[in-house]
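K.L.:
Got a structure for you, questions after.
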Amino acid sequence: MNLVTRYMTKNDCYPEGRKITPAGIMVHSTATPGVMAYRWFELWNKSYKAGEMNREVCVHAFVDDTVVLQTLPWDMRALHAGGRANSTHIGFEICEPSGFTYIENSMSGYDAEAQEPYFRAVFTASVELCAYLCGLFDLTPDSIISHNEGYARGIASNHADVMHWFTKHGESMDTFRAAVKTKLTEQEAQNMTKEAFDALMMSYRDENDPLYKTLDDVPPYWKDDAAHLVSKGAIKGDNVHSLGIRRSELKAVIISKRYADSLLGLSAEAEK
Ligand SMILES: [Zn+2]
Numbered sequence: 007m008n009l010v011t012r013y014m015t016k017n018d019c020y021p022e023g024r025k026i027t028p029a030g031i032m033v034h035s036t037a038t039p040g041v042m043a044y045r046w047f048e049l050w051n052k053s054y055k056a057g058e059m060n061r062e063v064c065v066h067a068f069v070d071d072t073v074v075l076q077t078l079p080w081d082m083r084a085l086h087a088g089g090r091a092n093s094t095h096i097g098f099e100i101c102e103p104s105g106f107t108y109i110e111n112s113m114s115g116y117d118a119e120a121q122e123p124y125f126r127a128v129f130t131a132s133v134e135l136c137a138y139l140c141g142l143f144d145l146t147p148d149s150i151i152s153h154n155e156g157y158a159r160g161i162a163s164n165h166a167d168v169m170h171w172f173t174k175h176g177e178s179m180d181t182f183r184a185a186v187k188t189k190l191t192e193q194e195a196q197n198m199t200k201e202a203f204d205a206l207m208m209s210y211r212d213e214n215d216p217l218y219k220t221l222d223d224v225p226p227y228w229k230d231d232a233a234h235l236v237s238k239g240a241i242k243g244d245n246v247h248s249l250g251i252r253r254s255e256l257k258a259v260i261i262s263k264r265y266a267d268s269l270l271g272l273s274a275e276a277e278k
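Note that the working numbering has the sequence shown beginning at 7, numbered continuously upward.
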């Protein structure tokens, strides 16, 4: 995610500076073919009250295939939902590519195969943006909704975004939320402290390659060989335990012992 911050200081939302406590994220797409993030900045960095815009509108960010352009502080109230969600949700717009026209809320002439690379780029960047915001405001992926889901819940106006577009690429808001969840899990794994990582590795090791502290811990099929190696001083413990050897180590030692025994015509039993 190439996050660039450039606030739309001339948009009325900015000087008004009303704060929100983000409780969720609303995903929009622009329904305007081919207008990319920096162009939207120019179009919306204007004052509705001064008559410079014909719509009173503002979002927190625009996403295209080159940039995630943050245009308003995340906790400043924007006007993106046409409903109550403005006071609760961070809103961002995914820019739609050129090469089709809108006819009655559908993308006429849209070539999903040709647009797949662009779609994948903005889908991924949007997932990353949402994961970032979830971390910043302690939000869960379940708090992410599209504009059309917001309408279904009665907190946003009647718009079709983003489902008119996502479905053309086999995606939905459920797959989007799942992708954010996966991203968050990955980030958690990356952010794990060395201490936590070491503890996890140790418990994994103990589970899969247990430490035999004494002869009593050794499984029956290896017990005689192990006892013989101890009695001959070949295994001397690990300064903590009388045996102190891991399963994989004991296995290697016993293979060697049995091979040596076979060369010498001996066995643990024969020596007893
Ligand atoms: Zn929308």
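Backbone N, C-alpha and C define an ideal beta-carbon position, used for all residues, glycine too.
1) Need the endpoints of the beta strand (DSSP E) that Phe68 sits in, please.
2) Pull up the CB-CB distance for Phe98 and Val128, whole angstroms please, since I reckon it's below 8 Å.
3) Distance check for Arg83 and Trp50, CA to CA, integer angstroms please.
4) If you draw a straight line from the alpha carbon of Gly115 to that of Gly40, how long is it in whole angstroms?
5) Closer than 7 Å to a non-hydrogen atom of ligand 1 - does that hold for the CB of His66?
6) Would you give the residue range spanned by the alpha helix (DSSP H) that Ile261 belongs to?
7) Let me check one thing: in DSSP terms, what residues is Ser112 bridge-paired to?
8) From the DSSP output, in three-state form, read off Leu145 for me.
9) At which residue ranges does the region 143-193 contain complete alpha helix (DSSP H) runs of 4 or more residues, listed in the order of the chain?
10) Using a 10 Å radius around the Cβ and a threshold of 16 neighbouring Cβ atoms, would you call His234 buried or exposed?
11) Can you grab the Cα-Cα spacing for the pair Trp228 / Asp204, in whole Å?
12) Using only the alpha-carbon positions, how far apart do Arg45 and Tyr210 sit?
P.N.:
According to the structure shown:
1) 67-69
2) In this structure, Phe98 and Val128 do not form a Cβ contact; the two beta carbons are roughly 11 Å apart against a cut-off of 8 Å.
3) 15 Å
4) 14 Å
5) Flag unset: Cβ of His66 not near ligand 1.
6) Note, Ile261: alpha helix (DSSP H), 253-270.
7) According to DSSP, which records beta bridges pairwise, Ser112 is partnered with Ile109.
8) If DSSP states are grouped into helix, strand and coil, Leu145 belongs with coil.
9) 153-158, 169-172
10) Buried, by the Cβ-count rule.
11) 30 Å
12) 52 Å
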